[in-house]
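Trainee:
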Amino acid sequence: MHDEMWQAIRQIETAVRAGDYATALADAHRLYRDARTEAERSELLAVLGPRAIPPTDDTREGA
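Below, the structure is given as structure tokens:
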């Protein structure tokens with residue numbers, strides 16, 4: 002991926018850590034929309050997708 006994309010990904014991660022989910026989602030949507038190729042879109046999903054899932058709570062029964 003291009004350096005600009007990695008910078009945008011870092012900004013998205015910063016927004017998520019700050020609890021600014023609306024900004025993070027808008028930025029991720031823009032980044033995906035502006036991706037130049039299907040390969041870039043796939044890589045974005047691979048990088049950002051796992052971060053969109055909240056961590057599991059290991060205190061659950063059976064975990």
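In our numbering, the protein residues as written are 2 to 64.
Note that CB positions come from ideal geometry on N, CA and C, so glycine has one too.
Quick caveat, the model's predicted, so the values are computed rather than measured.
1. Work out the CA separation of Leu49 and Thr4 for me, nearest whole Å.
2. When the Cα atoms are used, what is the spatial distance from Trp7 to Pro51?
3. Tell me which residues share the same chain as Tyr22 and place their Cβ nearer than 6 Å to its Cβ, disregarding the 5 neighbours each side in the sequence.
4. What are the start and end residues of the alpha helix (DSSP H) that includes Asp28?
5. Buried or exposed for Ala29, please, with buried defined as at least 16 other CB atoms from any protein chain shown within 10 angstroms of its CB.
Mentor: Quick answer:
1. In the sequence on display, residue 4 carries Asp and not Thr. Those two C-alpha atoms are separated by around 16 Å.
2. 16 Å
3. none
4. 22-35
5. buried
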